[in-house]
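**Q**
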Amino acid sequence: MPAELTSRDSRSERAWAAIDWSPAVPWAELIDADHYAVDGLAALTPAQRIRFSQLATCHTCELFIHFERYLVEYVERHAATLPGSPGRWRRFVAEERRHVAAFARLLAVIRPDLYPGGGQRFMAWGLADDLLVRAVRPVPFFLLAALFEEITLWVPRLLAEAPVHYAPLFEVMALHADEERGHIALDKHVLRDAIEREPRWRLRADVWTVLPLLVHCDRRARAGWRRMTAALAREAGLDDATRRALEVRGASASDRAGMTSFAAQLRGLALPDAGALATLLERLAR
């Protein structure tokens, strides 16, 4: 491994090891509630809003764990057919596993009562997820991965603009984003390799395969969000009307920023219909 990579790995490991995993303050918001596009927030009392923020933060951490699992399982299953050195893909998987462990630890310190033995409360892995990592071709998979990773880059930027009441949350999000920049570069390497080798008709089909994958991921996330709001209703004593209002959410601030940023980058790729997909993503972001 080149010396600069070894040095960077050492600095990264020291940064992760330096996180102070003190328990979260129970009376403060974590990810600011306004980060989420939810009309029902106006009906919450200050105490309910704090409880919403803490559970919504847990849902966000579970989302990261869920989608990082896609990456780990896909690469472990298909690494022999992917362009790039085996060592680079092993490093990719090791970093993703480190991210999963960090988000799982965040969950345990934010709500130890909900995550006493690890696991996830809101996001469920199913047969459709297994099928995705088994059967999806590299171009749509790594387009999807690059989009999600671009969204993660915006989370610490937006957290920095709002009051941060729990430093380890910001540190994990920032370190996660730093390593995801390298992963996005690897995603684009896979895409450029496919552009050189694959016929245009196949690339065009691959580009539009991203849409059903996005629908699947959105349904997974929304199902987890409904479980989260059901837990919130039980804990905070919400009435049915408020719970139903909170169940309906649009794209979060980081979703919107990441989708817009990714759409701009997509136009720079020599993929057929990439511009049309970029326009659609921009509309979804709005």
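This note's numbering puts the first residue of the sequence shown at 27, with every later residue one more than the last. In this text, a Cβ means the ideal position worked out from N, Cα and C, and glycines have one as well. Model, not experiment: these values are computed from the prediction.
Output the distance between the C-alpha atoms of Pro-225 and Asp-219, rounded to the nearest integer angstrom.
**A** The residue labelled residue 225 in the question sits at position 199 within the sequence shown. The residue labelled residue 219 in the question sits at position 193 within the sequence shown. Their Cα atoms are separated by approximately 12 Å.
**Q** When you compare the region 102-121 with the region 73-80, are there three or more beta-carbon pairs, one atom per stretch, that lie closer than 8 Å?
**A** no
**Q** Roughly how many whole angstroms lie between the Cα atoms of Leu-170 and Leu-240?
**A** Against the sequence shown, residue 170 aligns to sequence position 144. Against the sequence shown, residue 240 aligns to sequence position 214. Their Cα atoms are separated by approximately 8 Å.
**Q** If you check the beta carbons only, do Phe-167 and Tyr-100 fall under 7 Å apart?
**A** Working through the sequence shown from its first residue, we reach residue 167 at position 141. Working through the sequence shown from its first residue, we reach residue 100 at position 74. Cβ atoms of Phe-167 and Tyr-100: closer than 7 Å.
**Q** Using the beta-carbon count (16 or more within 10 Å), is Ala-193 buried or exposed?
**A** The residue you call residue 193 lines up with position 167 of the sequence shown. With fewer than 16 other Cβ atoms within 10 Å, it is exposed.
**Q** Classify Asp-281 as buried or exposed, calling it buried when 16 or more other Cβ atoms lie within 10 Å of its own Cβ.
**A** Position 255 of the sequence shown, counted from the start, is the residue given in the question as residue 281. The residue is buried, with at least 16 neighbouring Cβ atoms inside 10 Å.
**Q** If you draw a straight line from the alpha carbon of Val-274 to that of Arg-207, how long is it in whole angstroms?
**A** Working through the sequence shown from its first residue, we reach residue 274 at position 248. Working through the sequence shown from its first residue, we reach residue 207 at position 181. Each residue's Cα considered, the two are about 31 Å apart.
**Q** Less than 7 Å between CB atoms is the rule here; does Phe-168 satisfy it with respect to chain B?
**A** Structure shown: chain B not included; a single protein chain is present.
**Q** Using 8 Å as the threshold, is the region 91-100 in touch with the region 34-54, meaning 3 or more CB pairs across them?
**A** With the cut-off at 8 Å, the region 91-100 and the region 34-54 do not touch.
**Q** Please check the pair Asp-65 and Ser-79, which I expect to be a contact at CB under 8 Å, by giving their CB distance rounded to whole angstroms.
**A** Sequence index remark: in the sequence shown, residue 65 carries index 39 (1-based). Sequence index remark: in the sequence shown, residue 79 carries index 53 (1-based). Rounded, the Cβ-Cβ distance is 16 Å, inconsistent with contact.
**Q** Output the distance between the C-alpha atoms of Pro-109 and Trp-47, rounded to the nearest integer angstrom.
**A** To locate residue 109, count along the sequence shown from 1; it is residue 83. To locate residue 47, count along the sequence shown from 1; it is residue 21. So the two alpha carbons sit approximately 38 Å from each other.
**Q** How should Glu-187 be labelled, buried or exposed, when 16 other C-beta atoms within 10 angstroms of its C-beta is the threshold for buried?
**A** Counting from one through the sequence shown, the residue named residue 187 turns up at place 161. With fewer than 16 neighbouring CB atoms inside 10 Å of its own CB, Glu-187 falls in the exposed class.
**Q** Quick check on this structure: which residue in Met-254, Trp-115, Ser-278, Arg-309 has the alpha carbon closest to the alpha carbon of Arg-269?
**A** Here residue 269 corresponds to residue number 243 of the sequence shown, with the count starting at 1. Residue Met-254 is the option with its Cα nearest to Arg-269.
**Q** For a test of your reading of the model: does the CB of Arg-245 fall under 6 Å from any non-hydrogen atom of the ligand NAP? Yes or no.
**A** Among the ligands in the structure shown, none appear at all, so the ligand NAP cannot be discussed.
**Q** Could you check if Gly-144 is buried or exposed, using at least 16 other CB atoms within 10 Å of its CB as the buried criterion?
**A** The residue you call residue 144 lines up with position 118 of the sequence shown. So Gly-144 ends up on the exposed side.
**Q** Which residue marks the beginning of the alpha helix (DSSP H) containing Arg-223, and which one marks its end?
**A** The count along the sequence shown starts at 1 and reaches residue 223 at position 197. It spans 193-223 - the alpha helix (DSSP H) in which Arg-223 sits, taken as one unbroken run.
**Q** Apply the 10 Å Cβ neighbour rule to Val-51 and answer buried if 16 or more other Cβ atoms are within range, or exposed otherwise.
**A** Counted from its first residue, the sequence shown places residue 51 at position 25. Val-51 should be labelled exposed.
**Q** Leaving out five residues before and five after His-380 in sequence, what residues of the same chain have Cβ atoms less than 8 Å from its Cβ?
**A** Look at the range of the chain in this structure, 27 to 312, and you will see that residue 380 is not part of it.
**Q** May I ask you to list the residues that DSSP assigns as paired with Arg-275?
**A** Locating residue 275 in the sequence shown gives position 249, counting from the first residue. DSSP output for Arg-275 lists Val-64 as bridge partner(s).
**Q** Over the uninterrupted alpha helix (DSSP H) stretch that includes Asp-20, give me the two end residues.
**A** Shown here, the chain extends from 27 to 312; a query on residue 20 therefore has no answer.
**Q** Does the distance from the CB of Ala-304 to the CB of Arg-312 come in under 7 Å?
**A** On the sequence shown, residue 304 is found 278 positions in, with the first residue counted as 1. On the sequence shown, residue 312 is found 286 positions in, with the first residue counted as 1. Taking a C-beta distance under 7 Å as the contact criterion, Ala-304 and Arg-312 do not qualify as a contact pair.
**Q** I need the straight-line Cα distance from Thr-286 to Pro-298, nearest angstrom please.
**A** For the purposes of this step, residue 286 is taken as residue 260 along the sequence shown, with counting starting at 1. For the purposes of this step, residue 298 is taken as residue 272 along the sequence shown, with counting starting at 1. C-alpha separation (whole angstroms): 19 Å.
**Q** Going by beta carbon distance, what residues of the same chain come within less than 6 Å of Arg-147, once the five residues before and after it are set aside?
**A** Your numbering for residue 147 matches position 121 in the sequence shown. Cβ neighbours of Arg-147 beyond the five flanking positions: Leu-140.
**Q** Would you kindly work out how many angstroms separate the C-alpha atoms of Trp-180 and Ala-283, rounded to a whole number?
**A** On the sequence shown, position 154 is the one that residue 180 refers to. On the sequence shown, position 257 is the one that residue 283 refers to. Roughly 7 Å between the two C-alpha positions.
**Q** Would you mind sorting Glu-30 into buried or exposed? The rule is 16 or more other CB atoms within 10 Å of its CB.
**A** Looking up residue 30 in the sequence shown gives position 4. With a pLDDT of only 49 at Glu-30, under the threshold of 50, the placement of this residue in the model should not be trusted; the figure read from the coordinates follows. The residue in question, Glu-30, is exposed, as its Cβ has fewer than 16 Cβ neighbours within 10 Å.
**Q** Near Asp-35, what residues of its chain come up, given a Cβ to Cβ distance below 7 Å and the 5 sequence neighbours on each side ignored?
**A** Here residue 35 corresponds to residue number 9 of the sequence shown, with the count starting at 1. No residues qualify anywhere along the chain.
**Q** Can you give the Cα-Cα distance for Trp-53 and Ser-111, rounded to whole angstroms?
**A** Residue mapping note: residue 53 aligns to position 27 of the sequence shown, counting from 1. Residue mapping note: residue 111 aligns to position 85 of the sequence shown, counting from 1. Roughly 48 Å separates the two Cα atoms.
**Q** Compute the Euclidean distance between the alpha carbons of Glu-55 and Ile-136, then round it to the nearest angstrom.
**A** For this step, residue 55 is matched to residue 29 along the sequence shown. For this step, residue 136 is matched to residue 110 along the sequence shown. When rounded, the distance between both Cα atoms is 11 Å.
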